[in-house]
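Colleague: Quick note on numbering: the sequence shown equals residues 7 to 207 in the numbering used here. Backbone N, C-alpha and C define an ideal beta-carbon position, used for all residues, glycine too.
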Amino acid sequence: MSRISSFIQFDPQETFEREFFITHSSLKRFRASAIALILVALLWFGGAGLVVLTTAEEKSIGIIFFVLSLLPAILLFLYYFLRKPRVSYGYATLTNKRMIYYEYNSHEAVNYHFVKSLYLSDITAAQFSVQRSLFRKSFLMALFTEFKALTVGAQSWLSWLKIFGKETHLEPGPDALEFIQTMSGQIALRQFDPQWSSHTA
């Protein structure tokens, strides 16, 4: 059964047909700001510990102080490495009347729900594209009606340049391409057989 049916009430003539997992966000654990903070802690406290290590009369005390001076940087590293990801999930639910895009994040610091819908009989076109350049990649997924569009997409840096991007970046889910193919097939069928769309009105 659809997750969305737990908080959106369908009308008596509307029935659930299928759900697609089409988007998710990925957490960048070590952004440029996080790396900079760890390095500052390492240089500041570790540098002080190194000074004590080289000037202490008793080397054992200097070694203990130096090891302790590394703890702030180690704790910061562990925090960013072990923190709970703020991953968002997006699903497209198809009923016999509507396409409902449902996105949510259950992380306590975010915790949101986002819902948009289009009537199937109003959808006239679908688009899905993935592009890559030397340093960036992007994807776009969209459904169009005569008066409005429902679009999902994002851009991000590639490789190590990701550390300079946003903390979370939206990615296409495992069912994204199949969903667009399904919608494109329905649009084509509706154009060639107008009677097909009568049950979605």
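Assign residue 96 to one of three DSSP states: helix, strand, or coil.
Modeller: Here residue 96 refers to the residue found at position 90 of the sequence shown. DSSP places residue 96 in strand when its eight states are reduced to three.
Colleague: Looking at the secondary structure, which residues open and close the beta strand (DSSP E) in which residue 193 lies?
Modeller: In the sequence shown, counting from the first residue as 1, residue 193 sits at position 187. Premise fails: residue 193 lies in the alpha helix (DSSP H), 182-198, not in any beta strand (DSSP E).
Colleague: Which two residues bound the contiguous alpha helix (DSSP H) that contains residue 65?
Modeller: Within the sequence shown, the letter at position 59 stands for residue 65. Residues 65-75.
Colleague: Alpha carbon to alpha carbon, what distance is there between residue 15 and residue 29?
Modeller: Along the sequence shown, read from residue 1 onward, the residue named residue 29 stands at position 23. Along the sequence shown, read from residue 1 onward, the residue named residue 15 stands at position 9. Rounded to whole angstroms, residue 29 to residue 15 spans 23 Å at the Cα level.
Colleague: Rounded to whole angstroms, what's the CA-CA distance from residue 7 to residue 192? Just pull it up for me.
Modeller: One-based indexing of the sequence shown puts residue 7 at position 1. One-based indexing of the sequence shown puts residue 192 at position 186. With a pLDDT of 47 at residue 7, under the threshold of 50, the modelled position of that residue is not reliable, and the figure given next carries that caveat. Spanning the two alpha carbons is a distance of roughly 22 Å.
Colleague: Residue 143 lies in the beta strand (DSSP E); which residues open and close that run?
Modeller: Looking up residue 143 in the sequence shown gives position 137. It spans 142-150 - the beta strand (DSSP E) in which residue 143 sits, taken as one unbroken run.
Colleague: Could you tell me the alpha carbon to alpha carbon distance between residue 31 and residue 103, rounded to whole angstroms?
Modeller: Position 25 of the sequence shown, counted from the first residue, corresponds to residue 31. Position 97 of the sequence shown, counted from the first residue, corresponds to residue 103. Approximately 28 Å between the Cα atoms of the pair.
Colleague: Let me check one thing: in DSSP terms, what residues is residue 111 bridge-paired to?
Modeller: On the sequence shown, residue 111 is found 105 positions in, with the first residue counted as 1. According to DSSP, which records beta bridges pairwise, residue 111 is partnered with 118.
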